[in-house]
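Everything below concerns the one structure shown next.
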Amino acid sequence: MRGTTTWLLIVACALLAALVSAKDYYDILDVPRDAQKAQIKRHFKKLSRVYHPDKNAGDEAASQKFMEIANAYEVLMDDEKRSIYDRYGEEGLKQNGGQGRGGGGGFHDAFDIFSHFFGGGRQHQGHQEKRGPDILIPFQVTLEDLYNGADIQLDVSKQVLCDHCHGSGARKPEDIHICDQCEGRGMIIKRAQVGPGMFQQFQQACHKCDGKGKVIDHVCPVCAGKKVRRGNEDYSLHIERGMQDGQRIILDEESDEYPETIPGNIVFEVRTAPHATFERRGDHLYTKQHITLIEALVGFKKTMTQLDNSIIELVREGVTQYGFVQTIKGQGMPHQDNHSQHGDLFVEYQVVFPKEIDPETIEYLKKDTHLTRENQPHLVHQELQPPLLASATALPLTPHPLTAPYHPSQHSYPGMNPYSVPPYSTLSSDYMSMPQHQQQMYMTPPQIHPQLIGGAAAPHYYVEESSLWSSFLETCCCCFGYGPPQTPFEAMHRQEMERRRIMAKEEKYRRSQYEKALRQENRRLSLVQSAKASSDQANTTANTAATQANTAANAATANNSN
2 MRGTTTWLLI VACALLAALV SAKDYYDILD VPRDAQKAQI KRHFKKLSRV YHPDKNAGDE
62 AASQKFMEIA NAYEVLMDDE KRSIYDRYGE EGLKQNGGQG RGGGGGFHDA FDIFSHFFGG
122 GRQHQGHQEK RGPDILIPFQ VTLEDLYNGA DIQLDVSKQV LCDHCHGSGA RKPEDIHICD
182 QCEGRGMIIK RAQVGPGMFQ QFQQACHKCD GKGKVIDHVC PVCAGKKVRR GNEDYSLHIE
242 RGMQDGQRII LDEESDEYPE TIPGNIVFEV RTAPHATFER RGDHLYTKQH ITLIEALVGF
302 KKTMTQLDNS IIELVREGVT QYGFVQTIKG QGMPHQDNHS QHGDLFVEYQ VVFPKEIDPE
362 TIEYLKKDTH LTRENQPHLV HQELQPPLLA SATALPLTPH PLTAPYHPSQ HSYPGMNPYS
422 VPPYSTLSSD YMSMPQHQQQ MYMTPPQIHP QLIGGAAAPH YYVEESSLWS SFLETCCCCF
482 GYGPPQTPFE AMHRQEMERR RIMAKEEKYR RSQYEKALRQ ENRRLSLVQS AKASSDQANT
542 TANTAATQAN TAANAATANN SN
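Structure (structure tokens):
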């Protein structure tokens, strides 16, 4: 009995030791168990650079860590191996012959995994790695996505290293050899005689390996030695609530892959798609609501749907002017830094006039126009009551009949034919469209107040405000359809469109500068190639001259001997 207990205790200790010694692959790469392949790849890139033996010469711990990272990456990037590991752990991989480097996963060793990203064999110690260009990808999101937050899947086409050769360009790793002519340096030193007793020594790219330092016996059958191919990769982008238009989401080192080069970043730029109801400006929302003429006069109660499908009540009592903007606090976009705070919602009301009115309604509306001037109601409009000029306070404001010949005003609305409507209505429209400081001077006869109008030749007339507005309402009811002056909301909209035009112009300028820099780089490369060709030609000429000189010297020696 005691022996059995001792044996079980020994087995339990052994299992416990095995569990302790077994390392979790997810912990090694510092990723969660539900991590996507893109996240695993990013973490592997960062960790492999930190623990690469070429950067930690003589550090056995770093080398061991690098091997663990490569082993964990190989398992987690293979769907079948990852499934076995998730179910049975490392022991299950051993039984299936698929653990790490010994399982035939397609990599010769941990350095082959590293070359999957950085284009071949071990990096020389002290060599500074090149970095590839970034990719800028604009993508559209809806205003609902920016209001509520969303996760968006994007498929990106980019350049990737060949899956078969991992960017080496060779059929097998054994097909890559150090160039025996330049001994892996990529450059050779040549010495040429340019004259009697004169020699020139110069350096040039090795012709055998094209300056690469390596030669390939058999190229990769998949990429034909190009080392790269076009591929697609899916990315999941998280759109935070309240993100701004033009804001960027950066994925580190996910750009095009090049041999022996660190990939650049993919930069996703948020572009807001146009919305049918709302317009965003910063953290505020703007919208327009149409109301009828009756609703504009007596008030209304309406509802509208917010971007999160909640209901907003719009309530107005009394008269609502055309272009009036109502502010609803806290119904704008959420702040990106604090989602509990919101901007404001601005609602502009536009009055829709009826296209036609039946005769009974017209007669009913005209009944009020037969009231005497003394009993006529006075419409209060503070915005149309400018202070009188000092020189006009002592002058009589006697109404004058509209019997004189009519002269159209320069303030009439565009497209209005002043001779086709009664002067009363036209004068009302002129009065409404004038600058406020000129309204008092407008309808005043020059023979009575010449100092107020500057002695204009055309006669003007003064009318009481109540008559003015009654004629204006009469004009509206008769459906002349003249549009109102520009509202503050429309002015702000025009300013926003101008701002966007300027931004588009700046973006066009930046693109032109980028294309200019690209052309300059191509021109530089062309000059380098031309210089190389010239150098080769000069070398050939020098060799020919040296050969001819030697031949001449030999001939001279022979003649002297004779």
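Under this note's numbering, think of the first position of the sequence shown as 2, with each following residue one higher.
Backbone N, C-alpha and C define an ideal beta-carbon position, used for all residues, glycine too.
How should residue i be labelled, buried or exposed, when 16 other C-beta atoms within 10 angstroms of its C-beta is the threshold for buried?
{"i": "Q37", "result": "exposed"}
{"i": "A543", "result": "buried"}
{"i": "V223", "result": "exposed"}
{"i": "D431", "result": "Residue placement at D431 is flagged as unreliable, the pLDDT there being 49, under the threshold of 50; a coordinate-derived value is accordingly withheld."}
{"i": "H219", "result": "exposed"}
{"i": "P139", "result": "exposed"}
{"i": "D309", "result": "exposed"}
{"i": "V352", "result": "buried"}
{"i": "D146", "result": "buried"}
{"i": "Y27", "result": "buried"}
{"i": "A559", "result": "exposed"}
{"i": "K42", "result": "buried"}
{"i": "P397", "result": "Bear in mind that the predicted position of P397 carries a pLDDT of just 39, short of 50, making it unreliable; the figure below should be weighed with that in mind. Counting Cβ neighbours within 10 Å, P397 comes out exposed, since fewer than 16 surround it."}
{"i": "H44", "result": "buried"}
{"i": "F200", "result": "exposed"}
{"i": "K66", "result": "buried"}
{"i": "Y365", "result": "exposed"}
Mind checking which residues open and close the beta strand (DSSP E) that includes residue i?
{"i": "R172", "result": "Neither: R172 is in no beta strand (DSSP E) and is coded neither H nor E."}
{"i": "Q204", "result": "199–206"}
{"i": "M305", "result": "300–306"}
{"i": "Y323", "result": "Note, Y323: premise wrong, no beta strand (DSSP E); not H, not E."}
{"i": "E234", "result": "229–240"}
{"i": "Q96", "result": "No beta strand (DSSP E) contains Q96, which is instead part of the alpha helix (DSSP H) from 80–96."}
{"i": "R282", "result": "280–282"}
Can you confirm whether residue i, when its beta carbon is compared against all beta carbons of chain C, has any partner nearer than 8 Å?
{"i": "N561", "result": "Absent here is chain C; the protein component of the structure consists of one chain."}
Shortest alpha-carbon distance to residue i belongs to which of the options?
{"i": "G226", "options": "D35, I177, F301, V352", "result": "I177"}
{"i": "K330", "options": "Y515, E314, D28", "result": "E314"}
{"i": "E296", "options": "P335, R192, P355, A206", "result": "P355"}
{"i": "R317", "options": "Q337, Y350, V268, Y287", "result": "Y350"}
{"i": "A228", "options": "K173, P197, K367, H208", "result": "The sequence given here places Lys at residue 228; Ala does not occur at that position. Among K173, P197, K367, H208, the Cα nearest to that of K228 belongs to K173."}
{"i": "R282", "options": "I312, N523, H336", "result": "H336"}
{"i": "D25", "options": "N72, D146, E254", "result": "N72"}
{"i": "C207", "options": "M199, C183, G196", "result": "C183"}
{"i": "Q141", "options": "D156, T552, V271", "result": "V271"}
{"i": "H494", "options": "Y236, V299, T288", "result": "T288"}
{"i": "I179", "options": "C210, I189, G300", "result": "C210"}
{"i": "I143", "options": "Q496, M334, V326, N233", "result": "It should be noted that the sequence gives Thr, not Ile, for residue 143. When each option's Cα is compared against that of T143, the closest is M334."}
{"i": "K300", "options": "Y74, L294, G319", "result": "Per the sequence shown, residue 300 should be read as Gly rather than Lys. For G300, the nearest C-alpha among the options comes from G319."}
{"i": "T293", "options": "N266, Y323, A553", "result": "Y323"}
{"i": "K533", "options": "Q205, A274, S84", "result": "Q205"}
{"i": "P275", "options": "M305, H340, L286", "result": "L286"}
{"i": "A547", "options": "E361, I251, G196", "result": "G196"}
At which residues does the alpha helix (DSSP H) containing residue i begin and terminate?
{"i": "V316", "result": "Taken as a continuous stretch (DSSP letters only), V316 belongs to no alpha helix (DSSP H), being part of the beta strand (DSSP E) at 312–318."}
{"i": "G331", "result": "Counting along the chain, G331 falls outside any alpha helix (DSSP H), and DSSP gives it neither H nor E."}
{"i": "P360", "result": "360–367"}
{"i": "N72", "result": "61–77"}
{"i": "E145", "result": "144–149"}
{"i": "Y26", "result": "26–30"}
According to DSSP, which residues form a beta bridge with residue i?
{"i": "V352", "result": "I292"}
{"i": "V223", "result": "Looking at the DSSP assignment, V223 forms no beta bridge with any residue, so it has no partner."}
{"i": "G196", "result": "M199"}
{"i": "Q154", "result": "S237"}
{"i": "K191", "result": "F203"}
{"i": "Q327", "result": "V348"}
{"i": "V271", "result": "F140"}
{"i": "R249", "result": "E270"}
{"i": "R178", "result": "Per the sequence shown, the amino acid found at residue 178 is His instead of Arg. For H178, which the question treats as bridged, DSSP gives the partners V216."}
{"i": "R132", "result": "I263"}
{"i": "V51", "result": "Bridge partners of V51: none, in fact."}
{"i": "K159", "result": "G232"}
{"i": "Y515", "result": "Y515 pairs with nothing; no bridge assigned."}
{"i": "H285", "result": "R282"}
{"i": "H343", "result": "P335"}
Round the Cβ separation of residue i and residue j to the nearest angstrom and send it over; I've been treating them as touching at under 8 Å.
{"i": "P260", "j": "G168", "result": "4 Å"}
{"i": "S256", "j": "I136", "result": "5 Å"}
{"i": "T262", "j": "G133", "result": "5 Å"}
{"i": "Y52", "j": "I70", "result": "6 Å"}
{"i": "G243", "j": "K213", "result": "Not a contact, Cβ separation roughly 51 Å."}
{"i": "T321", "j": "D345", "result": "That belief does not hold up - the Cβ atoms of T321 and D345 are roughly 19 Å apart, past 8 Å."}
{"i": "C303", "j": "Q290", "result": "The identity of residue 303 in the sequence shown is Lys, whereas the question assumes Cys. Their Cβ separation, rounded to whole angstroms, is 7 Å, which keeps K303 and Q290 in contact under 8 Å."}
{"i": "D156", "j": "N233", "result": "6 Å"}
{"i": "T626", "j": "D246", "result": "This structure cannot settle anything about residue 626, because the visible part of the chain is limited to 2 through 563."}
{"i": "L30", "j": "L48", "result": "7 Å"}
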